[in-house]
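Visitor:
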Amino acid sequence: MASQNDPDSPARLFEARRKIFPRKIDGTFRRLKWAIMIVTLTIYYVTPWLRWDRGAWAPDQAVLVDLANRRFYMFSIEIWPHEFYYVAGLLIMAGIGLFLVTSAVGRAWCGYACPQTVWTDLFLHVERAIEGDRNAQVRLQNAPWGPAKIAKRGAKWSVWLLISVLTGGAWIFYFADAPALARSLFDGTAPFVAYGTIAVLTATTFILGGFMREQVCVYMCPWPRIQGAMLDEKSLVVTYKAWRGEPRSRGLKRAVEGEAALVPAGDCIDCNACVAVCPTGIDIREGPQIGCITCALCIDACDQMMEKVGRPIRLIGYTTDADEKLARSGQPALSPVRRLLRPRTILYFAVWAAIGLAMLFALGNRARIDLSVQQSRNPVWVRLSDGSVRNSYTVKVRNMEARPREVEIAIDGAPGVIWNEAGTRESAGRTVRMRVDADQVAKAQLFVAAPAAGDARQPIRFTVRALDGDGATAAGESYFERPEAGQ
Amino acid sequence: MADDKRIDEATGTRFVGHEWDGIEELDTPMPRWWLWTFYASIVFAIGYCIAYPAWPLMERATAGVLGWTSEGELEAEMARERTRSAGVLAEIARTPAEKILSNPRLLRVAEEGGRSAFKMHCVQCHGSGAAGSSGYPNLNDDDWLWGGDVATIERTIQHGIRQPGDDGTRMSMMPAFGKDGILTAANIDDVVSHVRVISGQERPSAASRRGVALFSANCAACHGDGGQGNRSFGAPSLTDPIWLYGGDRDAITRTVTNARYGIMPAWVGRLDPATIRMLAVYVHSLGGGEATPAPTPTPSPAPGNGQPK
Ligand code: SF4
Ligand code: SF4
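From first to last, the protein sequence lines stand for chains A and B.
Be aware that the first sequence starts at 5, since it is given in the working numbering, and climbs by one per residue.
Be aware that the second sequence starts at 14, since it is given in the working numbering, and climbs by one per residue.
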């Protein structure tokens, strides 16, 4: 790279982006990238369209974030806002999973699975299909604007835009019934926020995937900085094996000559193929650097060269720092098992698995009916005309099943009677019935009256019991309060 | 500084001149798009200041060409809310109060609407929890001077108690037995003793026994022979532990001597019918409300659908 700062001229504070034209390449890792791209994009675009029958009272979309009703559906699992810790747990697992993967196999996330990488890759393929490979692209870039250039650029940007719209469009289907939303999108009756979200995501996909590309990875993304802390000497990183490649031999012929003349010549023929294919435009031979997303395309490129010149492949390869030291001293590399199983990875895996198991356990045992009780404090107690004392409570019953349920609330621990706001003291008994709609919280004001004689503060329990099916129960604790003597 | 001129061999980039533990910072230029983003932010900020209220002046801020204000936004939102709730309020105004009790949807709306109207208009006398205080009845308890079913409560709110100038108001007046010289202080003392006996606060005594006859002659007409009260006159029951002005000797003596003349304003004309109805439902829902008296059953023909049972 040329000097960015000429010491004699004033320092340039801002640098224009160097345009990168990654060359097409085929090989093991390229095919792996293809496979991962197809799988991840398919999951992304198809998931909202999967159906899942939950009966008449709940949406039948397999994965649905129902913000309006504050429910999160994922196949047979339904998450309520108060169960958000499941989502938090998943996020923590994703985080620790990233630590685990990074410490084991390096920045695999960056190279293969990150949305920025996947969509940039897709956009690069579109670009190559329309403008041709690296050399044609450079030529087009340098050509003056004319009909041909306008046509090609126009076609490329149109396809990018189409992909961007589809990408932004797919996102909103996770938040509403997909077929209905799709229809309303076309007849113009979808909510404004739907169009707005599509517009914003289209813009970000178009700009970040089409134009910003590696700038996102290098300047905007915090992960490379964080992941750096996860890497150690046993993590896989894409490495140019300088001890094998240097000194570079400037072309095949010279390499052969060099060997004949017993001049030491490394395996690197300085063909720059590794630089030409790199989507972030870096030269891996300069050593590990933040711009390297470990996509391994340079490995494919260099392997092709090594095969052509009849040298062993993997002059550039996935290697660990520890293996590099061993290789320099001529020792064999560590076995993959010894490399993968070390305290750090085992610890990450243990934490990751423990959270997962705890969540599965909690998920399997969670109650689908729930009761919370809050005692009214204004006034705390009321004296009734027969001399007894009355307290009032706000009771919330959560029916977390996708069907309406009839429930019965009973009091336990106070020798009194109970009624609700639709009833009156005349209709009081020991239990109150109510109906809770499918997947809803029902709130009721309950009144409990008991004789004035007794403790000033007596524990009381409300139990709710479903009157149908499994007869699920739940209980809530509170107190029954009486005036102090003399009041 | 001389250091500023030093160049890093490997990258050809100028050193900033700082060093930490042997690590030196390079003066790497920022990317150009960052600069553009910065300029765009400045342009946005200028545009924002022109479009929206921004610069504080002496009286108020610059108006902004869009004419947006937070008050205007609030006003628009309130107007939207008024249109949104107009339907259900009309429905409440149409539905008799006791029908609302058996309609869970309207009940919920009426309770909430009544709760907020209560906070506006009623807490000054009845307290924020409707627990009242001396002279202002507790609306949570089940002791009702004029009746506690929802329709009766609604009528009380509409016309108030002893509201001058309202023909429908609840009217009654207890004589000031002492002030007007109907009873002597000693008589009053005897009556008070009797009242405290029937309300279970005192044991019978010579005074209370003297009070029995005085009570039937002067008080029973309104309060009933046993002192159980009479709702047609709003005469309180004297046998329960609930006292509007206090049940101790002193308070009762003052009541009998001077009489009480509590006034509650009539709300009809000041509040719309839907609000009054919601207030009635809310007050009824506080837990002291009574069931509407059951209608006298009228014999109806046996249900038949043409088939023998
Ligand atoms: S250096 Fe190689 S692995 Fe790193 S980003 Fe470039 S092509 Fe991918
Ligand atoms: S592709 Fe391989 S041989 Fe060619 S320059 Fe890169 S490291 Fe050297």
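C-beta atoms are modelled at their ideal positions from N, C-alpha and C, and glycine is treated no differently.
#1: So, does the CB of B:Gly302 fall closer than 9 Å to a CB anywhere in chain A?
#2: For ligand 2, is there any heavy atom lying closer than 8 Å to the beta carbon of A:Asp274?
#3: Please determine, among B:Ser298, B:Glu22 and B:Phe51, the residue with the shortest C-alpha to C-alpha distance to B:Glu37.
#4: Would you mind working out which of B:Cys235, B:Pro278 and B:Gly300 sits nearest B:Cys138, comparing C-alpha positions?
#5: Does the stretch 164–178 of chain B come close enough to the stretch 386–406 of chain A that 3 or more CB-CB pairs lie under 8 Å?
#6: For A:Ala326 and A:Tyr244, what's the separation of their Cα atoms in angstroms?
#7: Using a beta-carbon distance below 9 Å, is B:Asp238 in contact with chain A?
#8: What three-state label does DSSP hand A:Arg35 in the structure shown?
#9: Is B:Met43 close to chain A? Criterion is C-beta to C-beta, closer than 9 Å.
#10: Mind listing which residues of the stretch 383–413 of chain A have their C-beta closer than 8 Å to chain B's C-betas, in chain order?
#11: Using the Cα positions of A:Val241 and A:Leu126, report the straight-line distance between them to the nearest angstrom.
#12: Can you give me, in chain order, the residues of the stretch 220–247 of chain B that have a beta carbon less than 8 Å from any beta carbon in chain A?
#13: Counting only C-beta atoms, is A:Leu212 closer than 9 Å to chain B at any point?
#14: Could you name the residues of chain A that B:Leu114 contacts, counting a contact when the two beta carbons are closer than 8 Å?
#15: What number of angstroms, rounded off, separates the C-alpha of A:Cys306 from the C-alpha of A:Arg252?
#16: Would you decide whether B:His207 is buried or exposed? Buried here means 16 or more other CB atoms lie within 10 Å of its CB.
#17: Measuring CA to CA, which of A:Pro228, A:Glu87 and A:Ser376 is closest to A:Arg465?
#18: Give the interface partners of A:Tyr223 over in chain B, defined as CB-CB distance under 9 Å, in chain order.
#19: Relative to the C-alpha of A:Arg34, which residue among A:Arg74, A:Leu95, A:Pro85 and A:Gly115 is closest?
#20: In whole angstroms, give me the CA-to-CA distance for B:Ser245 and B:Arg183.
#21: Compute every distance between the C-beta of A:Ile320 and the non-hydrogen atoms of ligand 1, then say whether any falls below 8 Å.
#22: Take the Cβ of A:Arg302 as the centre, count every other Cβ of all protein chains shown within 10 Å, and call the residue buried at 16 or more, exposed below.
#23: Which whole-angstrom value describes the C-beta separation of A:Ser107 and A:Tyr352, a residue pair presumed to lie in contact below a C-beta threshold of 8 Å?
#24: Can you list, in chain order, the residues of the stretch 253–287 of chain B whose Cβ is nearer than 7 Å to any Cβ on chain A?
#25: Does the beta carbon of A:Ala62 come closer than 9 Å to any beta carbon on chain B?
#26: Does ligand 2 have even one heavy atom less than 8 Å from the beta-carbon of A:Tyr244?
#27: With a cut-off of 8 Å on the beta carbons, I'd call A:Val421 and A:Ala453 a contact; round off their distance for me.
#28: Rounded to the nearest angstrom, what separates B:Val204 and B:Asp156 at their Cα positions?
#29: Where A:Asp374 and A:Gly192 are concerned, what is the direct C-alpha to C-alpha distance, given to the nearest angstrom?
#30: Per DSSP, which one or two residues make a beta bridge with A:Ile415?
#31: Is any beta-carbon of chain A found at less than 9 Å from that of B:Asn200?
#32: Starting from B:Ser129, follow the alpha helix (DSSP H) in both directions and report where the run begins and ends.
#33: Nearest to A:Tyr89 by alpha carbon, out of A:Phe484, A:Gln335 and A:Ala362?
#34: Mind checking who A:Ser396 pairs with in its DSSP beta bridge?
#35: At least one CB of chain A closer than 9 Å to the CB of B:Ser54: is that the case?
#36: Indicate whether at least one CB of chain B lies closer than 9 Å to the CB of A:Trp161.
Guide: A quick look at the data gives this:
#1: At a cut-off of 9 Å between beta-carbon atoms, B:Gly302 makes contact with chain A.
#2: At least one heavy atom of ligand 2 is nearer than 8 Å to the Cβ of A:Asp274, so yes.
#3: With respect to the C-alpha of B:Glu37, the residue from B:Ser298, B:Glu22 and B:Phe51 having the closest C-alpha is B:Glu22.
#4: Comparing C-alpha distances from B:Cys138 to each of B:Cys235, B:Pro278 and B:Gly300 shows the shortest one belongs to B:Pro278.
#5: Short answer: they don't touch.
#6: Straight across, the Cα-Cα distance linking A:Ala326 with A:Tyr244 is about 14 Å.
#7: Not an interface residue.
#8: Annotated three-state conformation of A:Arg35 is helix, per DSSP.
#9: Interface residue, yes.
#10: Under the 8 Å Cβ criterion, the stretch 383–413 of chain A contributes Pro383, Val386, Arg387, Leu388, Ser389, Asp390, Gly391, Arg394 and Ser396.
#11: In a straight line, the C-alpha of A:Val241 is about 24 Å away from that of A:Leu126.
#12: Listed in sequence order: no entries.
#13: Not one chain B Cβ lies under 9 Å of A:Leu212.
#14: The answer, in chain order, is Ala426.
#15: When rounded, the distance between both Cα atoms is 13 Å.
#16: Burial call: buried.
#17: Selected option, being the one with the closest Cα: A:Ser376.
#18: In chain order: Met43, Pro44, Trp46 and Trp47.
#19: When each option's Cα is compared against that of A:Arg34, the closest is A:Gly115.
#20: So the two alpha carbons sit approximately 9 Å from each other.
#21: A:Ile320: yes, Cβ under 8 Å from ligand 1.
#22: It is worth fixing the name first, because residue 302 of chain A is Cys in this sequence and not Arg. Label assigned to A:Cys302: buried.
#23: With a beta-carbon spacing of about 6 Å, A:Ser107 and A:Tyr352 fall inside the 8 Å limit used to define contacts.
#24: From the stretch 253–287 of chain B, only Asp253, Pro254 and Ile255 have a Cβ closer than 7 Å to chain A.
#25: It does not: the Cβ of A:Ala62 has no partner Cβ on chain B nearer than 9 Å.
#26: Yes - ligand 2 has a heavy atom lying nearer than 8 Å to the Cβ of A:Tyr244.
#27: About 5 Å; that satisfies the 8 Å criterion.
#28: Taking the Cα positions, B:Val204 is about 22 Å away from B:Asp156.
#29: Cα-Cα distance, rounded: 41 Å.
#30: For A:Ile415, which the question treats as bridged, DSSP gives the partners A:Phe466.
#31: Taking 9 Å as the CB threshold, B:Asn200 stays off the interface with chain A.
#32: Start and end: Pro117 to His134.
#33: Selected option, being the one with the closest Cα: A:Ala362.
#34: Answer is A:Phe451.
#35: It does not; no Cβ of chain A falls within 9 Å.
#36: Chain B, which has no Cβ nearer than 9 Å to the Cβ of A:Trp161, makes this no.
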